[in-house]
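Heads up: the structure comes next, in structure tokens.
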Amino acid sequence: MSKKQEPGMAYDMSKLNKVFAILSIGLLITTFWVFLDDYIRPWKAVQLEALQIRQSKLKEKVEEAKKNIDQEKLSALESQLAQGQKDAEGRVDQISKVQAEMKAIERDIKQETIVNGRLNSMVSATTFKYEIANSHGDANAQSLLKTLRNFKKDFELSRDRMKMLESTMKEKTKLLDSLQAEKLQAEKSIEETTRTLDLLKLSLAKTNVTPVFAIRNAPFLDFLDPTLKIQQIVINNVTDDRYFVSVPKVDRCITCHTFIDQTGYEDQPNPHKTHPNLELMVATDSKHPMKQFGCTSCHGGEGHRVHDFNSAAHIPQNEEQKAEWIEKYNWHEPHKIPQPMFKLQHTEASCVKCHQGVEHLPGANKLNAGWEKMEEYGCYACHKIEGWEHKRMPGPSLQKISSKITKEFFKNWVWSPKGFNQHAKMPAFFAQSNNSKPEFMEKNIVEVNAMAEYIWDKAEGYKPFAKYQGGNAEKGKELIKEVGCMGCHGVEGWDAESKKVGAYAGPYLTGTGSKVKSPDWLVSWLIKPSHYQEDTIMPSLRLTDKEANDIAAYLLSMRNTKFDKLKFETLNEDLRDELLVEYFAAFDTLEVAEQKVAAMSDRERTLELGYRSVGKYGCYSCHSIEGFDGRQGIGPELTKEGSKPLTQFGFNQQHDIEHSRDGWIKAHLINPRRWDGGLDKPFKDLTRMPNFYMTEKEAESMTLAILGQVSDEVPLKGVKRLNAQEKLANEGMKVVNKYSCVGCHSIDGWGGNIVKMYDDANEGPPQLNREGFRVQSDWLYHFLGNVKPIRPWLKVRMPSFNLSTEEKNKIVTGFQAKASQPTFVANDAKVEWEPGERAAALKLFEALACTSCHATGFTKDQASAPNLYKAKPRLRPDWIEAWLHNPQEFMPGTVMPSFWEGGESLEEGILGGDANKQVKALVKYILEIGEEEIRSPMRR
Amino acid sequence: MKHFINIIADPIFSFPIFSLLFFAMIKWYRVVGTKKFAWIFLAISVPVTVWFLADPQFIKIILWPDNIPINILVILIVFLTWFPLYKAAENDKRLEQGLEPVEALPENREKVWAWPNLVYTELFAIIAGTIFLVVWAIIFKAPLEEPANPTWAPNPAKAPWYFLGLQEMLVYFDPWMAGVVLPGLIVVGLIAIPYLDTNPKGNGYYCFQDRKFAITGFLYGWLVLWIYLIIVGTFLRGPNWTFYGPFEYWDFHKVVAEYNVNLSEFLWLKWLNTSMPKNIFVREALGIALTFAYLIGLPFISLKTKFGKDLLEKVGTMRYYIVIFLVISMGSLPIKMVLRWLFSLKYIVALPEIELNL
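Read top to bottom, the protein sequences are chains A and B.
Just so we're aligned, residue 1 is where the first sequence starts under the numbering used here, counting upward by one.
Just so we're aligned, residue 941 is where the second sequence starts under the numbering used here, counting upward by one.
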């Protein structure tokens, strides 16, 4: 301002103009920047990449299609074509004449069409006029009728002409074709040979980056009709909770995961890879088509965000991938995302939100494994989980415990279950990382003593009904393996077999001699478990007294000498009183509490502390203990654990645990007491969740199942709702799972663990595939109540379970429903034979040598297949028929031969070699001998 | 060092320090208001800022998109506080020498055309502002968060940055006071200033000597009681509105011991060693009396001082009481803060029965 300007001016004008110019250019640049910033999106690059991949794939296909074309044939066809063209040229005069004629006819047809159309409309209009006039009795009715008839006549004439023209046209066309027949034929053949190639070439052309492509995707113009654009799926049946409103899920994942639903891109790197399980997911004909379920319904994450790699809340599956992503995509933890994507290995957790209350989910192997582990360890006993309410108590009843084991054993066992049996499922409450300080240990010892006193005080007496008379331990050991104990129990001495089977329904049998108080109890238990505990799932294997004694001898011979020597410290009365005062002082002053304790007798104090301790550690949730009926488990509910905000997980001082839901849950399962580390907690507030000493693998699979317990509300239309039949099947499977039927039988592919123990699967319990279709419902019902062996060659026994009528009915209807069988099949009607059919059946029966295996009742040989005389009441005729046609379909690996493989009969001379007729005849025969078992002429 | 800064950043220390610095600045405004001081200040503050920014926790808070405007604000405030002081110091020197202020020099009094001198430059400002906002929007994306969930409030739940001062007041006052009365008084007081200020001096030129009380009073309210509180609320309040030092990790589980006691409880239980009276007004008598003394007694007492007499003479009775009332209201905030820190005082008047806590 010191420089003098023009009068009335503070600044130099030209300077101002320069400033203006600079600012204007700045604004212009900024404007371009805005558009450019909006235009450059990472997903566009991905789509361009996808275009290239598609192009190279198509090129490969084109090359292959070219190879597939027989070049010799093609060149032959081409020379034919040349010849044909030459021939046609020779007839060029004729051809052009015909073509000219056709043109004239074409013109006539066009004209006639117009005439015809006009007349047609005149007829209609005049008809209307005439009818009205006539019905009103108008004077002009007659003249109208006349006009109408004229029109009709003209119309008919016109139609005739039209037909004429058309037929002439046809003739001419035929003539023309015949004049150049060779040429046309060759052209057609060439087109047929190269059709695939031509189509592929068309597709390939579409992948080229042409000027049109560039214009459609140019900045500023790409709002019109771009080819590179965000692709999305709107899913009405699965909603996103926006708290004030539920909105249909919008998944835009396919914007980058371009070929997720197309086969042929399995070899591509992500995001262009094909979905690895198209049979079950994504594909249109799968159970979960992409258009209906989207992507984030299962994978989690922010499906509508395509801003960049991070915005979708991708979560790496492990540290290596994390490092890779950080480098490649600048990956970081998602901010403020309530439900980020599941790690790849946890995706099956999502099944839970739609498939609830089922025992087993075919196809979800990891989830099933997790559920199985939860069942094994009995999480549901302490933690409420919706849909798990029907499960039995995981531990044995302690109502009559005093007659089974000694108090000393009880205390040592509770102190360290794994110290006695390294396979023990009972978790460890004591001597853990958070309570192994001497002062805590002393208090724990008092508690264990008091609990033992309480439980013994409440225990009823029990008198075994059988006497142990000694037995052969070696034989007993063999028997354990033979009769099927190992479907539920691992057994010491059969270590390799136990490992193969991995049974979990019952305890691992080791050190039994040190555990069981009286051998008589053991024998009684083996013979009839329900005598001791009415609701036990342990079945009777119909052991003879001798067998039971042999098994008992073996079990008793297993002793844990180290454990035998343990002496549990006695109860410290001062500490007991101190603990009791602490309990009472929760609601009273210290003084009143002390007075209360003082007023109690010594015994009362011990029992009171025992009662309180059982309640404190939640023993009653797994074991039936008197005085705790109807009490809730001590753990927090897990129904919605998977949606619990991360901030509500107490990581406390454990900074090396991954800061995620699954990180916490897994760490918690492996060592639940770790959270107390580094904290100053009083005795009564110590974490009580016991240590199961889970392996990392076990914890991982349970983590998956727990992660699936989310609070997402899926609309009814979206969830898998069981129909009436599926509900029945599921109810049946609940019972089947409760009694661990799946420990021995593979039921439609589920379970059958014990079979792994046998070299030949046919030596193990039979597979139950479509069992409801196989057996008669009433037969199954009676069989469950009164087991009679069916397969004489099997050493393993179907146990006699202590099932209630309701449970039996549930199993029967469950199997029935599972195989889509409405009810039983009435088959009391007498077999009716076609003429000659019975003779043929007999012949066939001989020819196929059925009795060489199904010997019972036919020969004196050892039978190696079920008794055919008993088939009728047991089996459904339709099943027998289907079974004869293809036994492998029902029981892969069965020794039953397939006589009619591929619908072809081996016995061509019988019933004209017709497989269907032969099978039908045999079925009839089997039904007949069942009907007349006694009088059968075949019986020798 | 970082640990030390974390500790002194706590309002208990930083508020008095900031207040002292403020008064020191006012006292030695002629030192502050020089270019030399500005350069030295810049030379010191740049490396210090760089050192601060090297801390991962600090830079995380600074670069949080919500906080960008406050960073800009802090820098602007520093400059905009220094600049008038610089101008005022210059003019005050001239006035002492009997010269006219710089703004009154003939070359500065010359009249110029509104177009292009004003309108054109306004256009520049508009364009430059637009460019700035657009570039800001591109570089720092809008800090959109997850959909609002009524059952899961964000923690910390923070007001928009310009309200963070009010939110910080909530630590010391009840909502009706911090959210209604005090902001109301701020607005009314700001509107009233032109009517209360009868001082003709300082019109059209920068100066300090002629408007000591007005400038000091306003700047204290603005810089210490408003800007400072915004800075605390933005950078130093983390989850659960707990204080976190600038280098301290925002540990969600941080717990601070805070158990506050009412004045009436001090009186009856501690000093008189009796039970609390049933009548709520008797119970709170001391607090009510003190409040009245503060609001009504203090204006009269202030008349006894020389400052009070001078002011009364200058502005008249009505204006005088309004000014004093506003000053007293403003003073209630630092007073309550100090009482809280020194005595863990919860309320001076605690009447939760009629929802009147002070």
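Here a beta-carbon is modelled for each residue, glycine too, at the ideal position from N, C-alpha and C.
I'd like the list of long-range same chain contacts for residue i, defined as Cβ closer than 7 Å, with 5 residues on each side in sequence excluded.
i       : result
A952(A) : Only positions 1 to 940 of chain A appear in the structure, and residue 952(A) is not among them; the question remains open.
I934(A) : Confidence at I934(A) is low in this model, with a pLDDT of 40, below 50, so the placement of that residue is unreliable and no value is reported for it.
G8(A)   : none
Give me the residue from the options with the minimum Cα distance to residue i.
i        : options                                  : result
H885(A)  : A915(A), G857(A), R688(A) and I910(A)    : A915(A)
K477(A)  : D12(A), L555(A), R721(A) and K567(A)     : L555(A)
Y1026(B) : Y1102(B), I966(B), K1276(B) and L1212(B) : I966(B)
I892(B)  : R161(A), R216(A), S24(A) and K467(A)     : A query on residue 892(B) cannot be resolved here, the shown segment of chain B reaching from 941 to 1298 and no further.
K73(A)   : P42(A), F128(A) and E192(A)              : E192(A)
C1147(B) : R1280(B), E1062(B), Y969(B) and V1255(B) : Y969(B)
P334(A)  : H288(A), A312(A) and H346(A)             : A312(A)
Grab me the residues of residue i's own chain with a C-beta within less than 6 Å of its C-beta, minus the 5 sequence neighbours each way, in chain order.
i       : result
M290(A) : D261 and V282
S514(A) : R559, N560, F563 and D564
F824(A) : Q776, S777 and D778
Can you round the beta-carbon distance between residue i and residue j to whole angstroms, since I take them to be within the 8 Å contact cut?
i        : j        : result
R688(A)  : Y617(A)  : 6 Å
I109(A)  : L165(A)  : 5 Å
S524(A)  : A466(A)  : 5 Å
V1201(B) : K1286(B) : 6 Å
K400(A)  : Y532(A)  : 6 Å
F815(A)  : G772(A)  : 4 Å
P396(A)  : G378(A)  : At roughly 12 Å, the Cβ-Cβ gap does not stay under 8 Å, so P396(A) and G378(A) are not in contact.
V787(A)  : L927(A)  : About 24 Å; that fails the 8 Å criterion.
W33(A)   : I1078(B) : 6 Å
A88(A)   : L179(A)  : 7 Å
I790(A)  : P892(A)  : Rounded, the Cβ-Cβ distance is 19 Å, inconsistent with contact.
K818(A)  : G732(A)  : 7 Å
At least one CB of chain B closer than 8 Å to the CB of residue i: is that the case?
i       : result
G300(A) : no
I190(A) : no
V238(A) : no
G8(A)   : yes
T647(A) : yes
F220(A) : no
V448(A) : no
I337(A) : yes
T30(A)  : yes
Who are the near neighbours of residue i in its chain, counting only those whose CB is closer than 8 Å to its CB and skipping five residues on each side?
i        : result
D177(A)  : L184
T168(A)  : I105
W331(A)  : F309, N310, H314, P316, K322 and W325
V1267(B) : G1157
Does the beta carbon of residue i come closer than 8 Å to any beta carbon on chain A?
i        : result
P1090(B) : yes
A994(B)  : no
T1070(B) : yes
W1053(B) : yes
E1085(B) : yes
Y1060(B) : yes
I1078(B) : yes
If you scan the segment 784 to 869 of chain A from start to end, which runs of the alpha helix (DSSP H) of 4 or more residues do you find wholly inside it? 805 to 818 and 837 to 847
Enumerate, from N- to C-terminal direction, the unbroken alpha helix (DSSP H) stretches of 4 or more residues contained entirely within the segment 1145 to 1229 of chain B. Listed in chain order, the complete alpha helix (DSSP H) runs (minimum 4 residues) inside the segment 1145 to 1229 of chain B are 1152 to 1159, 1168 to 1171 and 1220 to 1223.
Entirely within the segment 155 to 214 of chain A and at least 4 residues each: give me those alpha helix (DSSP H) ranges in chain order. Runs of alpha helix (DSSP H) with 4 or more residues, each lying fully within the segment 155 to 214 of chain A, are found at 181 to 206, listed in chain order.
Go through the segment 360 to 384 of chain A residue by residue and report every complete run of the beta strand (DSSP E) that reaches 3 residues or more, in order. Those beta strand (DSSP E) runs which fall completely within the segment 360 to 384 of chain A and span 3+ residues do not exist here.
In the segment 629 to 711 of chain A, which residue ranges form an unbroken beta strand (DSSP E) of at least 3 residues, counting only runs that do not cross its ends? none
Which runs of the beta strand (DSSP E), 3 residues or longer, sit entirely within the segment 84 to 160 of chain A? none
Can you list the alpha helix (DSSP H) stretches of 4 or more residues lying completely in the segment 979 to 1060 of chain B, in chain order? 996 to 1002, 1008 to 1036 and 1046 to 1049
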